[in-house]
Every structure is written in structure tokens, then in C-alpha cells.
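Quick notes on the structure that follows.
2 protein chains.
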Amino acid sequence: MISVKEAVEIVINNTDVLDPQLITINEAMGFSIAEDIISDIDMPPFNRSAMDGYALIAEDIENVPCDLEVVETISAGCAPEKLIRKGLASKIMTGAIVPEGADTVIMVEDTESIDNGARVRILKQTKKGKNIALKGEDVESGQVVLKKGQEVRPQEIGVLASVGAERFKVFRSPNVGIIATGDELVEINVKPGAGQIRNSNGYSLAAQARQIVNDVEILEVAADNQEKICSIIELGLKKDVLILSGGVSMGDYDFVGKVLKEMEVEVFFEKVSLRPGKPTLFAKKGRTHIFALPGNPVATFVTFELFVYPAIRKMMRFASLTKPVITAVLETDYIAKKKRTEYRPAYIKLCDGKFRVKPVNWHGSGDLLSITNANCLLIVPEEIQKMDANQDVNVMLLSALSANENI
Amino acid sequence: MISVKEAVEIVINNTDVLDPQLITINEAMGFSIAEDIISDIDMPPFNRSAMDGYALIAEDIENVPCDLEVVETISAGCAPEKLIRKGLASKIMTGAIVPEGADTVIMVEDTESIDNGARVRILKQTKKGKNIALKGEDVESGQVVLKKGQEVRPQEIGVLASVGAERFKVFRSPNVGIIATGDELVEINVKPGAGQIRNSNGYSLAAQARQIVNDVEILEVAADNQEKICSIIELGLKKDVLILSGGVSMGDYDFVGKVLKEMEVEVFFEKVSLRPGKPTLFAKKGRTHIFALPGNPVATFVTFELFVYPAIRKMMRFASLTKPVITAVLETDYIAKKKRTEYRPAYIKLCDGKFRVKPVNWHGSGDLLSITNANCLLIVPEEIQKMDANQDVNVMLLSALSANENI
């Protein structure tokens with residue numbers, strides 16, 4: 001059986017990247033940019049006052065207090081009309097153009113307006129050049145401000161707006177189809193009869209996928225018969241990513257693996273040395289990346305994060321693909337099951353700046369409720385039998401930490 | 408001037424929580440649940456086989472190898488028809504109902520089918536009770552599975568689906584209006600003329616807000632004249648949250664503070680001992696929470712994260728409100744500016760499981776491009792003059808860490 005690490009590498013190496021598409025700035029969050037973005041302007045576009053105050057010549061205020069004549073008031077968005085010469089100053093607002101001749105802006109708090117604003121008394125010295133952001137000091141016209149491959153976050157949206165990039169290319173995100181299989185599954189609006197359970201995997205997988213892509217469709221639930229599964233998989237093969245859950249184990253009615261092979265998909269692996277999540281299959285047919293995940297809800301959840309998440313990130317051409325792994329202090333002794341690497345649902349919190357982690361209680365990979373107490377996966381390598389309280393362990397973070405994990 | 412900590416407390420203590428609204432499971436991600444969710448079923452709903460294998464009586468296989476008669480095959484979703492007595496076994500699929508009389512399931516890998524499936528040879532012993540998930544062991548019918556106030560993540564979506572919660576109450580998310588002020592601002596599709604810049608703050612603020620709420624509207628850009636600002640603010644006062652940027656400093660044309668006071672809003676603070684972001688105002692009028700943030704793009708960005716983010720989280724009744732603060736090792740010496748607490752854009756990465764942080768290069772709070780290199784804020788308390796390379800520092804994380812910060 002291949003290791004988790006090998007399986008992730010196989011997934012990443014065999015995932016196709018997607019083409020660019022044109023998008024508007026309002027739709028761009030969470031994509032990676034597919035072209036270098038070039039500024040059409042200098043930033044600042046002019047010598048810009050960084051403060052409300054007075055534009056003046058630094059030499060004039062070497063001995064304070066001293067008084068200067070105020071020749072005009074320059075507000076943001078307006079061009080200055082007067083030149084600053086020795087003995088003169090212009091009142092200036094934050095964001096306004098520094099007038100020619102001035103080399104310094106003193107902040108209004110260090111001045112006193114006198115003679116009804118006709119003159120200003122300077123109360124403090126200020127270094128030459130202070131409070132002026134020079135034209136082009138942040139960005140020069142023609143400069144690349146965002147590189148191909150950069151992820152669009154709110155900061156990047158600000159930059160895109162400032163250079164007037166209303167439409168630009170990003171790498172397309174995949175469309176995702178989800179099929180839950182199993183004769184025992186009923187829709188969520190049905191009260192399960194004897195032997196039945198509701199299709200929770202379809203919904204949780206869709207929610208996981210929707211955290212990174214928009215176009216996610218839960219296809220019909222596929223009963224455990226070969227013909228039905230075939231026809232639904234045919235539909236799923238129109239997607240960039242097809243995720244199945246269930247039907248990949250060793251049962252007589254686990255048709256998914258069989259059906260996929262008959263459809264001549266290329267199977268890269270169908271078992272991983274992983275707990276929970278051993279019967280995980282990765283295959284491809286044409287442009288469709290197929291993940292057949294185990295049907296136990298915790299295993300479905302974990303294998304999405306380990307294998308499907310990095311594949312989608314690669315398709316969208318992000319630089320970072322997998323979820324981050326950090327070191328934390330284990331809070332309790334832990335007896336491992338060995339043989340396979342465990343990715344054990346756990347809860348991580350911050351105590352005095354240090355991360356502490358504890359496995360959540362669970363009854364095994366069918367225990368969906370247990371993972372509502374989890375925010376990470378404790379990684380237990382397959383050769384490890386026991387881990388001790390207070391030792392350092394590796395933890396894969398699943399979502400952004402929130403501040404109540406900060407106590 | 409009040410401290411950042413005091414200001415955040417004032418914001419949180421004066422933020423009104425919002426009422427519940429009914430929502431469907433497909434819309435629920437990112438909300439907090441407004442009612443206890445109760446299971447209408449046991450989980451598992453029956454004694455459930457956790458493996459593909461044979462259901463049998465443990466006593467029968469104390470001496471292996473031994474052969475048992477196979478009385479039926481039970482697939483998932485079907486009710487067993489035969490009782491298991493001494494010497495008998497039923498072939499059983501993962502997720503199927505364990506037949507009466509059986510107390511154990513042995514996995515198929517530890518057996519050999521003989522006599523054309525009429526009998527099975529058991530090759531290994533198995534502990535009594537093994538591979539059976541007992542009815543109700545995870546959840547009992549009538550049990551609360553999700554508590555009021557819990558955040559909906561993919562795990563919770565799975566639980567909601569499994570108990571048939573198609574529609575349920577969550578705490579409403581606020582609608583947010585954004586107004587950028589300044590005579591120098593032009594729309595992003597316009598090439599700025601002399602003294603002008605594009606309205607990037609409106610876009611970056613909207614992107615920040617859209618990370619946590621859906622209903623975000625960029626209202627018109629408000630020129631720096633009192634009447635115009637007044638009429639646009641009137642529009643903004645129909646929102647739960649109104650965010651203004653610019654116009655709150657000490658300039659003659661900084662009308663925002665003046666206008667708000669004339670409108671008889673209740674102002675809680677209008678300056679915070681913070682760099683960047685001193686001229687930050689928090690006020691309320693009726694149900695509208697008003698944040699007038701400074702106009703410098705980096706200051707706008709930082710003050711949203713520090714003050715607006717926790718207010719929105721409180722309105723939505725999340726348990727955790729602020730962004731998490733962790734300890735990291737500083738990579739370089741850092742000379743602080745003192746007087747005000749700095750929240751300095753910085754880049755955090757993981758080296759051998761330890762977090763290391765470095766301030767990003769910047770030219771001050773107008774340098775929008777600098778924060779595209781940042782993923783966190785380095786916190787420099789106001790009494791600190793200098794921090795040394797390799798010392799521990801506090802860092803506020805801004806977004807989920809990604810794996811390339813893991814090198």
C-alpha cells in the first residue's frame with residue numbers, strides 16, 4: 001500500500017492545470033491571477049502629502065517658533081496654484097499634491113494658525129522631506145504590481161482597483177460533481193427506514209468543495225447497482241472533478257471501483273496506508289479527475305482534505321497546495337493503532353502563545369458528530385505505537401484558527 | 408487617546424446582536440446556528456456493520472480455522488431475514504444491519520469463502536463486538552447534536568444533513584454599506600487626472616467584508632463636500648454596518664466626523680492609539696454601526712480587521728470575535744516608532760514547526776502594494792522602543808495559513 005505522502009504526490013503530479021478565464025474584479029477573490037498586472041500610473045501619482053498640515057521649506061523652520069505666510073489651501077483632488085518660496089507655506093490636506101518649491105510637510109498639530117489663517121506659526125522642527133510620499137515611490141508606471149500566480153485576497157483587490165484592473169485573467173476553477181453511493185442512502189428530507197441513513201456525505205463534501213470553488217453540484221444518489229452507478233458516473237465525467245463517496249471497499253455491492261475500471265479510467269491508486277480512509281481511489285478519464293472516497297463520514301471528510309483539496313488548488317495554479325502542518329504540544333498520551341498513518345480528528349488551541357492539541361473523542365470513522373469538535377488532524381506516523389503527553393506532534397490545520405482557540 | 412484593546416472592547420460591548428432568520432442547509436456555511444439542533448434518529452440507526460465481512464457469534468470462532476454455514480447476504484439498505492445461531496454466519500456489507508443473534512463481524516480479509524459461498528472458513532480470531540457500531544452509540548434520538556451558537560463548517564453541514572435539518576435558524580448576518588470619501592477619488596475605470604487616485608479602498612473593504620458576509624454594497628464615492636457626504640451617509644444609515652473611509656483626519660475638508668455629529672450619531676471614540684489607523688471613529692445611530700476609518704489604504708485595511716471584523720462576528724453571535732494572536736520568532740531587529748501601538752504588516756512562515764515573522768518593507772500607510780506581501784500583523788506595544796531578532800513577538804493572523812508558509 002502506498003503512503004499518504006506518495007498518494008498526495010501522485011495526485012499532484014497527475015492533476016491537470018486549468019486554462020485562464022476573463023473575470024471582473026468583483027468575482028476575483030480566491031482565484032490566482034493568470035497574467036502579470038501592470039500599473040498604468042505612478043503611486044503616489046504625484047508628491048503627496050501624508051498629513052494635514054503645511055507644505056514649506058525645511059530650511060525656513062530651523063529655528064522655531066517662526067512664522068510663515070500662508071499663500072493658499074490645497075485640498076485633495078485639486079492642483080496647487082502657488083509656488084513655495086522662502087518664507088512661504090501652503091496649508092495642505094492629506095492626499096493633496098505638494099506644491100512646487102516645498103520640500104517638507106509639517107503636521108497641523110505642530111503649528112498654530114495666526115492672523116486669521118494668513119500666517120502660520122511653526123512650533124516644532126521637522127526633518128526635510130517629512131510627510132511627503134514621493135511620486136512613484138511605491139509603484140512606478142509600467143511596473144508589475146501583481147505577478148501571474150498570485151492569490152487574490154482583499155489586499156490584491158485594493159491593488160487591482162488602484163491600477164484600474166476591472167477585468168483580468170485568472171486561472172479557472174474546476175466544476176465539481178459529487179455522487180454519494182449506497183442502497184442505504186435516502187435524501188435528507190426523508191425519515192430513514194430500517195437499515196437506511198440520510199445522505200450526509202454529499203452535503204458535507206459539497207460544503208468542503210464550496211470553500212474553494214463555486215461550481216459544485218450534488219448529482220443524484222447512486223444505488224448500489226452497476227447499471228445505475230454507470231449512468232450517474234457518465235454524468236459525473238462531464239465535470240473537471242468527480243468525487244464519489246462509498247462503494248470502494250470490499251463488499252459484494254461495492255461497484256464503484258469495478259464500474260470505473262470498465263469505463264477505462266486510468267486508476268493511479270485505490271488504497272492508501274491511511275486511517276481513516278484506506279479505500280481511497282484516484283483516477284482520471286479525459287479531463288476528469290476522479291476521487292472515489294470511502295463512505296464512512298469521517299473518512300470522507302479526511303480524504304477530501306488530504307487528496308481532493310490539493311488537486312483543486314493545483315488546477316487553479318496556486319503556489320501552495322496542501323493544508324499547512326504545524327508543530328503542537330500533545331495534551332494527553334495517545335495509543336496509535338499502527339500499520340497505517342493516522343490523520344486523527346483533533347482540537348488545537350493556543351495557550352500562552354503555544355499550540356496544544358488533543359484528539360477528540362470518537363467511536364470510529366462513522367462518528368460524524370465527533371468531527372464537529374475537531375479543527376485539525378493529528379498526524380500519527382505508521383511506525384509510531386504511542387505518543388506521550390507534552391511531546392511535540394505534527395498537526396494539519398483544517399480551517400483558519402479563531403480567537404477562542406486563543407485561550 | 409484610548410488603546411487598541413480599549414477600543415476593541417468598546418466596539419464589542421456596543422455592538423448589537425442580530426435576530427435569527429430561517430435558512431436552508433445549502434446557504435448555512437459561515438453562519439452560527441440560532442437554535443439547538445436535535446436528532447430525530449439514533450446514529451447509527453441500527454447495529455451497523457463497520458466492515459465488509461461475516462456477522463457471527465464470537466464464541467464460535469475461538470478456535471480457528473473453523474467453518475460456518477452462510478445463511479444469507481445482507482447488503483446496505485436491506486433488512487436481514489435470518490437469525491444467527493451457533494454455527495451460522497451471514498455475509499454482510501459495510502453499513503448493513505447486523506442480524507439478530509450475531510455479536511461480532513469479522514472482516515472479509517480474515518476469511519475464505521468455500522463451497523461456492525455456502526460456507527465460510529474463518530482464518531483469524533476476532534474480539535466479541537468487533538466491527539459493530541451499536542445503535543445509538545454516536546447519537547441518540549432526541550439528543551442535541553449542534554448547540555445554539557455553533558459555527559457552521561462542512562462538519563456541521565454533514566451533521567445537519569444526517570438529522571434531516573433542511574431548514575433551520577441561524578443568526579442573521581449584517582448588511583454592509585461602504586462609502587469612500589475624498590475629492591481626489593475617481594472610479595476604477597477612469598484614468599486619474601492631476602491630483603487624483605482611483606477608489607481602491609471601497610473595493611478592498613468590500614472584499615474584506617465579503618469574506619464574512621454576503622450582502623455588501625459599495626455606495627457612491629462621496630466628494631469632500633458636506634451636503635454630498637450628508638446625503639450619501641443618509642443612504643448608508645439604512646445598513647446594519649456602515650463603513651466610511653477617509654475624511655476623519657484633521658483636514659479642513661474632513662467632513663465625515665462633523666457630518667456624523669450633526670446627524671446626532673452616538674460617537675464612542677474617534678481616535679485610537681494605533682499605527683497605522685489613529686483617526687478611527689466608531690459610532691452608532693439606531694441599528695446602524697458606523698465605522699469611519701482613515702483613508703490611507705493600509706490603515707483602512709488594518710482598522711477593518713481590528714474593529715469591524717469583531718463587530719460583525721458579534722452581530723452574527725459567534726463565540727470567537729477577534730482574529731487569533733499567536734507567538735512567533737522575530738527574524739530581524741525592529742525599531743518601533745513608539746507612542747502608539749503598531750500593527751505592522753508582516754509575513755509569517757513556518758520553519759521546522761516554529762513560526763518566524765518579518766515586517767514587510769513599506770513606505771508608510773499609503774503603500775498599498777506592501778500589504779500584498781503581508782499575511783499577518785506584527786504587534787508592537789506602545790511602550791516598546793526596539794525588538795531584537797530572535798525574540799518572541801505577538802502576531803495577529805489575517806487569513807488561513809497556506810502550505811507554502813510551511814517551508
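Heads up: the protein sequence lines correspond to chains A and B, in order. Numbering-wise, this note's numbering puts 4 at position 4 of the first sequence, and it's gapless, one number per residue. Just add 407 to the spot in the second sequence (first one is 1) and you have this note's numbering. Every residue, glycine too, gets a C-beta built ideally from N, C-alpha and C. This one's a predicted model, so the numbers in the text were calculated from it and none came from an experiment.
At a cut-off of 7 Å between beta carbons, residue 610 of chain B contacts chain A. Bounds of the beta strand (DSSP E) holding residue 803 of chain B are 799–804. When the Cα atoms are used, residue 132 of chain A and residue 317 of chain A turn out to be separated by approximately 39 Å. Of B:697, B:547, B:466, the smallest CA-CA separation from residue 716 of chain B is found for B:697.
Residue 369 of chain A and residue 555 of chain B have their C-alpha atoms some 15 Å from each other. Contact annotation: residue 791 of chain B and residue 735 of chain B have beta-carbon atoms that are not nearer than 7 Å. Of the residues assessed, residue 798 of chain B falls on the exposed side of the cut-off, its CB having fewer than 16 other CB atoms within 10 angstroms. Identification of chain B residues near residue 125 of chain A by a Cβ-Cβ cut-off of 8 Å yields none; the smallest Cβ-Cβ distance measures about 17 Å. Under DSSP, the beta-bridge partners assigned to residue 439 of chain B are B:558. It is roughly 31 Å from the alpha-carbon of residue 2 of chain A to the alpha-carbon of residue 564 of chain B. Judged by DSSP secondary structure, residue 617 of chain B falls within the alpha helix (DSSP H) whose first and last residues are 607–617. DSSP places residue 89 of chain A in the uninterrupted beta strand (DSSP E) bounded by 88–92.
Nearest Cα to residue 29 of chain A within the set A:211, A:198, A:301: A:211.
Taking 7 Å as the CB threshold, residue 621 of chain B stays off the interface with chain A. Distance check between residue 193 of chain A and each of B:589, B:500, B:504 places B:504 closest, using alpha-carbon atoms only. In this structure, DSSP gives residue 237 of chain A a state outside helix and strand, which the three-state scheme calls coil.
For the options A:130, A:94, A:154, A:159, the alpha carbon positioned closest to that of residue 144 of chain A is the one of A:159. If you check the CB distance, residue 638 of chain B and residue 702 of chain B do not come in under 7 Å. Looking from the CA of residue 199 of chain A, the closest CA among A:270, A:186, A:129, A:56 belongs to A:186. Listed along the chain, the chain B residues whose CB falls inside 7 Å of the CB of residue 192 of chain A are 448, 452. Counting only Cβ-Cβ distances below 8 Å, residue 351 of chain A has no contacts in chain B at all, with the closest Cβ about 10 Å away. In this structure, the CA atom of residue 769 of chain B is about 10 Å from the CA atom of residue 137 of chain A.
Here residue 776 of chain B carries a helix assignment [DSSP, helix/strand/coil].
In the structure shown, residue 792 of chain B falls within a coil segment according to DSSP collapsed to helix, strand and coil.
Taking C-beta atoms under 8 Å as the contact rule, residue 35 of chain A and residue 169 of chain A qualify, at a distance of about 5 Å.
If only uninterrupted beta strand (DSSP E) runs of at least 3 residues are considered, those enclosed by the segment 711–773 of chain B are 732–737, 748–758, 761–766.
At a cut-off of 7 Å between C-beta atoms, residue 177 of chain A does not count as an interface residue with respect to chain B.
It is roughly 36 Å from the alpha-carbon of residue 649 of chain B to the alpha-carbon of residue 116 of chain A. According to the DSSP assignment, residue 673 of chain B belongs to no alpha helix (DSSP H) but to the beta strand (DSSP E) extending over 673–676.
Around residue 311 of chain A, no beta-carbon contact reaches into chain B at under 9 Å, the shortest distance being about 14 Å. Following the DSSP letters along the chain, one finds residue 479 of chain B in no alpha helix (DSSP H) but inside the beta strand (DSSP E) bounded by residues 473–481. Taking 7 Å as the cut-off, the Cβ atoms of residue 661 of chain B and residue 654 of chain B count as close. Put simply, the CB of residue 739 of chain B is far from chain A, with every gap to its CB atoms at 7 Å or more. For residue 549 of chain B, not one C-beta of chain A is nearer than 7 Å to its own C-beta. When Cβ-Cβ separations below 7 Å define contact, residue 36 of chain A makes no contact with chain B.
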